Amino acid sequence: MTEQQALEHINKLKQDLALHAHQYYDLDSPLISDAEYDALMQQLISLEKKFPQLITATSPSQKLLSKPAKTFKQITHLTPMLSLANVFSLEELNTFLERLDKQSDFLCFVLEPKIDGLAVSLIYENGHLVRAATRGNGKVGENILANVKNIASIPKTLPQSSELPEILDVRGEVYMSYQTFEELNNLQLEQGKPLFANPRNAAAGSLRQLDPQITRERNLQFFAYALATGSKAEHWQNLQFLKELGFPVNEHCQKLKAKKDIEQYIRDFQIQKVSLAYATDGVVLKVDSIAMQERLGFTGKDPKWAVAYKYPAEKSYTKLLDIIPSVGRSGNITPIAVLQPVLLSGSMVARASLHNFDNLFQKDIRIGDTVLVQKAGEIIPEVIEVDFKNRPNDSKIYELPDSCPSCYHPLIKLPGLVAYKCINSKCPAINQKSFEHFVSKQGMNIKGLGRSIIALLIENNLLHSPADIYQLSLEQIANLPGLGQKSAENLLAAIAESKQLDFANVLYALGIPHIGYKTATQLSIHFKSIDKLMTASKEDLQLISDIGEKITESILLYFANPENIVLIKKLQAAGLNFTVTKTTASPSNSKLLGKNIIFTGSLETLTREQAAKLASSFGANIVNSISKNTDIVVVGNKAGSKLKKAQDLGLKILNEEEFLNILK
Ligand code: IVH
């Protein structure tokens, strides 16, 4: 990746993060899950690590994004309200611990549940609650004293004691229990008001009410987790002191030292958290000694003495209410599970993937069953298995459809698999999905052209082929229901902007079966223009690593269809990029493209996960085991048996620095 490309990518990530932070903090209405937000932030952090010259003071990796809302009075915090860096595996946690180990051998840690609510600072003067503020941008927050006074578990006055400092700044989390959240959403439903996505948004929405009476009715709760002024020598002592003063302190906090105990706590809490009455989104690990905390300091917005451990995936049982067939972009019909809504990784899940009919029948999943559902990071929730012990007598075996649920065209059965396909080239569902793919993030990335607007434009006869997107005019769309002048203008601007995207995006957007973004990038780099790609022979195509029989055939078939050639010509005429321009990746900066790479041992500056993400952003395939097909082995400290095997096989072995160098 060139610096120019990194800059473009970083700018794009910053824009997305700003949008999502605004939705989350200011509007209490997130568009993506926390895990998805974390993944965007991780991408930004790893790119900035690679190109430190591109880090700016205003980057969301360096600061907290939310601006204080205008309607509340602003309050400057006595000391900044910090955020926490995340780790997503025990390995990454280990890297964090090892880094601290270098500072001192005798560190103790306090482990605490990470409560999924919103941070507040409570200021007590001579034992009286005089100020309360949200985190805001970390430096300045909103004055929410009137509302906080309506939270029963927050003490308004503290017991007088000689230990009580004049000013006490208590930090903690305001949250809503699952039960209150459910009751509130039932009420919202009855009153025809929008539902809250999760308890945290409900808590935030309830605390940032201009009418404190509403906060009172919402039954919010509080856990204190730090003392920002008036601190004792150790964080653990602070927690005990807060308890004595009458603050609720979470009962699952523990002071630990040995690495194995820390890991055990994390494993145990994963089980315990399921039966808690409130949502948690991980474990916070803090250095106990306050002197040590001060010595370690911060990087940007995150303290170096604390980290949040996030659990990888969340699973839960729920009832399978129905199975419905869904039509994909290629016409393949796949089963979708309709679920009794269940809270997973902080958001309500009502639909999940059943992958394909084979999977459905192999696992003997029936309507009415209790099923285990999993949501892992950005991945769409999926049904993993049936709880057979709880199968009701009237559970129903799913009957395969014989016609397309969208156009009622008879389905064809593909050989071998329980796979069905709609082959009606005019099928509305296929059409809709093709447009969604065309404008998706890795495709033409047209913001504002979401599912419902696409449907609206199709309904109004404005979209027949993706090329029509580039012919839309303001007169045609400004008066459509639900669009309006301003959104129409924004949409046209986003469409115009998409013409700047790379050939790889365009190639991906075309939706050639089996061509994902990675393959599209490989093809664009190799052939450099659509003309060369269109005339490539089977042999030419198979010269590229990873491109096998299936992809080759798919490409040849696509370009043999005159309709597709017409589409390409129209898109070319509209000004889309069908050649590689200077700023696109070229083989000289794509040394990892298509290479099988493995990381082993602990690296110095990157976690293995970050390194893997970085390598994959350069087109490498990350593999988990070493074989003669492995191209590159990157070794860190304590690499162990994998290093030996790599040496035995005579593979290319790099250390972290050498790995980073080849990316330059
Ligand atoms: S300590 C310097 N402890 O997590 C560290 N934060 O991602 C500041 N949170 O803004 C926070 N439970 O809203 C800390 N036991 C806990 C927490 C906790 C939840 C939240 C808090 C913070 C966010 C950072």
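Residue -15 is where the sequence shown starts when you use our numbering, and the numbers rise one by one after that.
Using N, Cα and C, we set each Cβ at its ideal position, and we do this for glycine too.
The structure displayed is predicted, hence computed values, not measured ones.
**OP:** Please find out if some non-hydrogen atom of ligand 1 comes closer than 7 Å to the beta-carbon of residue 287.
**Re:** Because some heavy atom of ligand 1 lies under 7 Å away, the Cβ of residue 287 counts as near it: yes.
Original post:
Beta carbon of residue 579, beta carbon of residue 595: below 8 Å?
Top reply: no
**OP:** Flag residue 209 as yes when its Cβ comes closer than 7 Å to any non-hydrogen atom of ligand 1, and as no otherwise.
**Re:** yes
Original post:
Can you give the Cα-Cα distance for residue 209 and residue 154, rounded to whole angstroms?
Top reply: 8 Å
Subject >> 8 Å Cβ shell around residue 128 - same chain, five flanking residues per side excluded >> reply: Excluding sequence neighbours, residue 128 sits near 56, 104, 116, 117, 118, 191 and 192.
Original post:
If you draw a straight line from the C-alpha of residue 403 to the C-alpha of residue 488, how long is it?
Top reply: 30 Å
Original post:
Buried or exposed: residue 392, going by 16 or more other Cβ atoms within 10 Å of its Cβ?
Top reply: exposed
**OP:** Please name the residue, chosen from 555, 556 and 521, that lies closest to residue 539 on a Cα-to-Cα basis.
**Re:** 521
**OP:** Sort out for me which residues DSSP pairs residue 97 with in a bridge.
**Re:** 267
Original post:
Going straight from the alpha carbon of residue 45 to that of residue 34, what length do you get?
Top reply: Computed Cα separation, rounded: 14 Å.
Original post:
Okay, do the stretch 498 to 514 and the stretch 473 to 483 touch, 3+ Cβ pairs below 8 Å being the bar?
Top reply: Between the stretch 498 to 514 and the stretch 473 to 483, the count of Cβ pairs shorter than 8 Å is below three; the stretches do not touch.
**OP:** Kindly give me the distance between the Cβ atoms of residue 292 and residue 184, rounded to whole angstroms, as I take these residues to be in contact under 8 Å.
**Re:** Going by Cβ atoms, the distance from residue 292 to residue 184 rounds to 14 Å, so no, they are not a contact pair.
Original post:
CB of residue 67 to nearest heavy atom of ligand 1: below 7 Å?
Top reply: It does: the Cβ of residue 67 is within 7 Å (strictly closer) of some heavy atom of ligand 1.
Subject >> Cβ pair residue 584, residue 619 closer than 8 Å >> reply: yes
Original post:
In or out: residue 413 buried (at least 16 other Cβ within 10 Å) or exposed?
Top reply: buried
**OP:** Please classify residue 273: is it buried, with 16 or more other beta-carbons within 10 angstroms of its beta-carbon, or exposed?
**Re:** buried
**OP:** Work out the CA separation of residue 374 and residue 617 for me, nearest whole Å.
**Re:** Distance between the alpha carbons of residue 617 and residue 374 is about 47 Å.
**OP:** Kindly indicate the opening and closing residues of the beta strand (DSSP E) around residue 536.
**Re:** Element bounds for residue 536: not the beta strand (DSSP E) but the alpha helix (DSSP H), 533 to 544.
**OP:** Would you kindly check if the distance between the Cβ of residue 288 and the Cβ of residue 92 is under 8 Å?
**Re:** no
Original post:
Where does residue 240 sit, in a helix, a strand or coil, going by DSSP?
Top reply: strand
Original post:
Taking buried to mean at least 16 other C-beta atoms within 10 Å of its own C-beta, is residue 508 buried or exposed?
Top reply: buried
Original post:
Roughly how many angstroms separate the alpha carbons of residue 571 and residue 78, rounded to a whole number?
Top reply: Legend: pLDDT at residue 571 = 43, less than 50; position of this residue unreliable, value from coordinates given subsequently. Residue 571 and residue 78: Cα-Cα distance of roughly 36 Å.
Original post:
Are residue 150 and residue 110 close, meaning C-beta to C-beta below 8 Å?
Top reply: yes
Original post:
Quick one: does the C-beta of residue 157 sit closer than 7 Å to a heavy atom of ligand 1?
Top reply: yes
Original post:
Skipping 5 residues on each side, what residues in its chain have a beta carbon closer than 6 Å to that of residue 59?
Top reply: 117, 125 and 127
Original post:
Is the closest heavy atom of ligand 1 to the C-beta of residue 244 under 7 Å?
Top reply: no
**OP:** State the Cα-Cα distance for the pair residue 371 and residue 334, rounded to the nearest angstrom.
**Re:** 18 Å
Original post:
Curious, which full-length alpha helix (DSSP H) runs of at least 4 residues does the stretch 497 to 525 contain?
Top reply: DSSP runs (the alpha helix (DSSP H)) wholly in the stretch 497 to 525: 501 to 511 and 514 to 518.
Subject >> Backbone CA spacing between residue 158 and residue 187 [nearest angstrom] >> reply: 7 Å
Original post:
So does residue 119 have its beta carbon nearer than 7 Å to some heavy atom of ligand 1?
Top reply: yes
Subject >> residue 318 - DSSP class collapsed to helix/strand/coil >> reply: Reduced to three states, the DSSP call for residue 318 is strand.
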